[in-house]
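The sequence shown: position 112 = 112 (UniProt numbering), numbered continuously. This report refers to the structure that appears directly beneath it.
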Amino acid sequence: MNNLNAIYERILEVLQNISEQQLIACQRRQPKMTDLELVSLSLTSEYLGIDSENDLFRKLPKTLLAKIERSVYNRRRRRLACHIEDIRSRLAFDFNEFEDVFIVDSMPLEVCKLSRSGRSTICRENQYSQPDKGYCAAQSSTYYGYKLHAVCSVRGVSHSIDLSPASVHDINYLKDIKAQLNDCTLIGDKGYLSAKVQLNLFQSCNIKLSTPMRTNQYDHKRQPFVFRKSRKRIETLFSQLCDQFMIRRNYAKSFEGFKTRILSKITALTVVQYINRFIFERNINNIKISIV
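Spelled out as structure tokens, the structure:
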């Protein structure tokens with residue numbers, strides 16, 4: 001787990017197998033560390049739980065330290081956010097190509113404590129991406145920040161993800177799902193309960209939305225046990241992101257930096273799942289395990 005260089009080489013090998021280009025960003029001079037190598041370094045730091053840039057550059061071996069300038073590391077990583085998402089999508093496609101059952105859920109991502117929200121300037125550089133206050137029913141608390149929406153397979157591999165301000169209701173994310181899924185069953189919790197949305201998803205994309213009914217609803221029927229059991233898979237996925245990848249720990253000051261950090265952590269998790277499945281042929285969800 002502590003061999004940073006060996007883990008970096010393993011992740012770089014995986015990315016080279018799925019990416020046709022070594023250099024994606026347009027630059028006047030070709031840097032010593034290609035964009036793909038920089039993405040691999042970013043994912044390695046997330047896998048090892050190195051959240052601090054100071055800590056990362058203290059632990060880098062001399063061979064890597066000579067190839068990257070610290071002053072441009074974060075700027076280049078933010079510019080490569082779209083490429084990181086492309087890598088995550090390609091890795092997830094190998095898992096989810098023939099899947100027909102998916103799970104949707106959301107989790108709160110706090111930017112700062114509620115008492116500091118009035119004077120906080122974090123992620124407030126643009127009007128459209130500003131955080132706000134929202135309520136988390138699972139934790140029975142109000143928080144200030146964003147909400148992570150995710151769709152994953154029953155095996156626990158993320159299919160699609162999105163960020164929204166905390167005040168946006170979960171059911172609004174289902175409007176975007178119509179462009180990402182079709183001909184499948186989608187399992188959600190009571191936050192996605194809506195007969196109108198359920199009918200719209202089925203008619204437009206043949207998506208069968210299954211949510212538990214409220215006990216006081218007319219003609220109440222309990223959700224099938226297999227769906228209730230499968231829905232816990234995404235909750236386990238969120239727990240893994242919070243535990244090993246510390247997704248709720250935020251050091252970013254801008255929304256672009258915040259978005260890139262969240263995306264890098266989810267991509268790092270998907271890379272580990274890919275290595276477990278296609279290199280070592282073991283349980284993909286054994287995350288706290290050596291990949292070299």
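Heads up, the beta-carbon is just placed ideally off N, CA and C, and yes, glycines get one too.
Among Val-271, Arg-282, Glu-281, Phe-280, nearest to Ile-87 - alpha-carbon criterion: Within the sequence shown, residue 87 is the residue found at index 87, counting from 1. Selected option, being the one with the closest Cα: Val-271.
Backbone secondary structure at Lys-190 - three-state DSSP: Within the sequence shown, the letter at position 190 stands for residue 190. Assigned with DSSP and collapsed to three states, Lys-190 falls in helix.
Backbone secondary structure at Gly-257 - three-state DSSP: Numbered from its first residue, the sequence shown carries residue 257 at position 257. In the structure shown, Gly-257 sits in a helix (DSSP, three-state: H, G or I).
Straight-line gap, Cys-82 to Ser-290 (C-alpha atoms, nearest Å): Position 82 of the sequence shown, counted from the first residue, corresponds to residue 82. Position 290 of the sequence shown, counted from the first residue, corresponds to residue 290. Whole-angstrom Cα-Cα distance: 28 Å.
Residue(s) in a DSSP beta bridge with Met-107: Here residue 107 refers to the residue found at position 107 of the sequence shown. Met-107 is bridged to Leu-148.
For Gly-134, the residue or residues it bridges with in DSSP: The residue you call residue 134 lines up with position 134 of the sequence shown. Under DSSP, Gly-134 takes part in a beta bridge, and its partners are Tyr-143.
6 Å CB neighbourhood of Arg-277 in its chain, flanking five on each side removed: Taking the first residue of the sequence shown as 1, we reach residue 277 at position 277. Only Ile-284 meet the Cβ criterion.
Three-state class that DSSP yields for Ser-210 in the structure shown: In the sequence shown, the residue the question calls residue 210 occupies position 210. Per DSSP, reduced to three states, the secondary structure at Ser-210 is strand.
Nearest residue (CA-CA) to Asn-5, options Gly-49, Asn-250, Leu-209, Lys-59: On the sequence shown, position 5 is the one that residue 5 refers to. Comparing alpha carbon positions, the residue from Gly-49, Asn-250, Leu-209, Lys-59 closest to Asn-5 is Lys-59.
Assigned secondary structure, Thr-236 (DSSP; H/G/I helix, E/B strand, else coil): For the purposes of this step, residue 236 is identified with residue 236 of the sequence shown, where counting begins at 1. When secondary structure is reduced to three states using DSSP, Thr-236 falls in the helix class.
Val-200 versus Asn-74: straight-line alpha-carbon distance, rounded: Against the sequence shown, residue 200 aligns to sequence position 200. Against the sequence shown, residue 74 aligns to sequence position 74. With the sequence shown as reference, residue 200 is identified as Asn, and Val is not the correct amino acid for it. Approximately 42 Å, taken between the alpha carbons.
Of the listed residues Met-33, Ser-264, Ile-279, nearest to Ile-161 (C-alpha basis): Within the sequence shown, residue 161 is the residue found at index 161, counting from 1. In terms of CA proximity to Ile-161, Ser-264 leads the group Met-33, Ser-264, Ile-279.
Contact between the segment 140-148 and the segment 99-108 (3+ Cβ pairs under 8 Å): Flag = yes, the segment 140-148 and the segment 99-108 touch.
Coil, strand or helix - Leu-23 by DSSP: By 1-based counting over the sequence shown, the position of residue 23 is 23. Here the model assigns Leu-23 a pLDDT of 48, short of 50, so the residue's position is not dependable and the matter cannot be decided.
Reduced DSSP category for Thr-63 - H, G, I as helix; E, B as strand; rest coil: Start at 1 with the first residue of the sequence shown, and residue 63 comes out as number 63. Looking at Thr-63 - three-state DSSP - the assignment turns out to be helix.
Distance between beta carbons of Ile-7 and Thr-44, contact taken as under 8 Å: In the sequence shown, the residue the question calls residue 44 occupies position 44. In the sequence shown, the residue the question calls residue 7 occupies position 7. With a beta-carbon spacing of about 5 Å, Thr-44 and Ile-7 fall inside the 8 Å limit used to define contacts.
Residue(s) in a DSSP beta bridge with Pro-224: Here residue 224 refers to the residue found at position 224 of the sequence shown. Partner(s): none; Pro-224 has no beta bridge.
Burial state of Pro-61, where buried means 16 or more other Cβ atoms lie within 10 Å: Reading the sequence shown from its first residue, position 61 is the one you call residue 61. Around the beta carbon of Pro-61, fewer than 16 other beta carbons lie within 10 angstroms, which makes this residue exposed.
Among Gly-188, Arg-10, Ser-42, Leu-237, the one whose alpha carbon lies nearest that of Leu-174: In the sequence shown, the residue the question calls residue 174 occupies position 174. The option with the nearest alpha carbon to Leu-174 is Gly-188.
Buried versus exposed call for Ala-268 [16 or more other C-beta atoms within 10 Å across all chains shown]: As a working note, residue 268 is residue 268 in the sequence shown. Buried, because 16 or more other Cβ atoms sit within 10 Å of the Cβ of Ala-268.
Per-residue DSSP class, three states only, for Met-1: For this step, residue 1 is matched to residue 1 along the sequence shown. Because Met-1 sits at a pLDDT of 45, beneath the cut-off of 50, its placement in the model cannot be relied upon, and the following sentence gives the value as read from the coordinates. For Met-1, the three-state secondary structure derived from DSSP is coil.
Cα-Cα separation, Phe-202 to Leu-181: The residue labelled residue 202 in the question sits at position 202 within the sequence shown. The residue labelled residue 181 in the question sits at position 181 within the sequence shown. Roughly 11 Å between the two C-alpha positions.
Inter-residue spacing [alpha-carbon to alpha-carbon] between Thr-215 and Pro-224: Sequence index remark: in the sequence shown, residue 215 carries index 215 (1-based). Sequence index remark: in the sequence shown, residue 224 carries index 224 (1-based). Between Thr-215 and Pro-224, the C-alpha separation is close to 15 Å.
Residues bridged to Cys-184 [DSSP beta-bridge criterion]: As a first step, residue 184 is located in the sequence shown; it is residue number 184 there, counting from the start. Note: Cys-184 sits in a beta bridge opposite Ile-207.
Cβ neighbour criterion (16 or more within 10 Å) applied to Gly-118: For the purposes of this step, residue 118 is taken as residue 118 along the sequence shown, with counting starting at 1. With fewer than 16 Cβ atoms within 10 Å of its Cβ, Gly-118 is classed as exposed.
Ala-92 classed as buried or exposed, judged by whether at least 16 other C-beta atoms fall within 10 angstroms: Translated into the one-based positions of the sequence shown, residue 92 becomes position 92. Buried, since its Cβ has 16 or more Cβ neighbours within 10 Å.
Alpha-carbon spacing of Arg-79 relative to Asp-176, whole angstroms: The residue you call residue 79 lines up with position 79 of the sequence shown. The residue you call residue 176 lines up with position 176 of the sequence shown. Going by the C-alpha atoms only, they are around 24 Å apart.
Distance between Gln-30 and Tyr-47 (C-alpha atoms, nearest Å): By 1-based counting over the sequence shown, the position of residue 47 is 47. By 1-based counting over the sequence shown, the position of residue 30 is 30. Distance between the alpha carbons of Tyr-47 and Gln-30: 27 Å.
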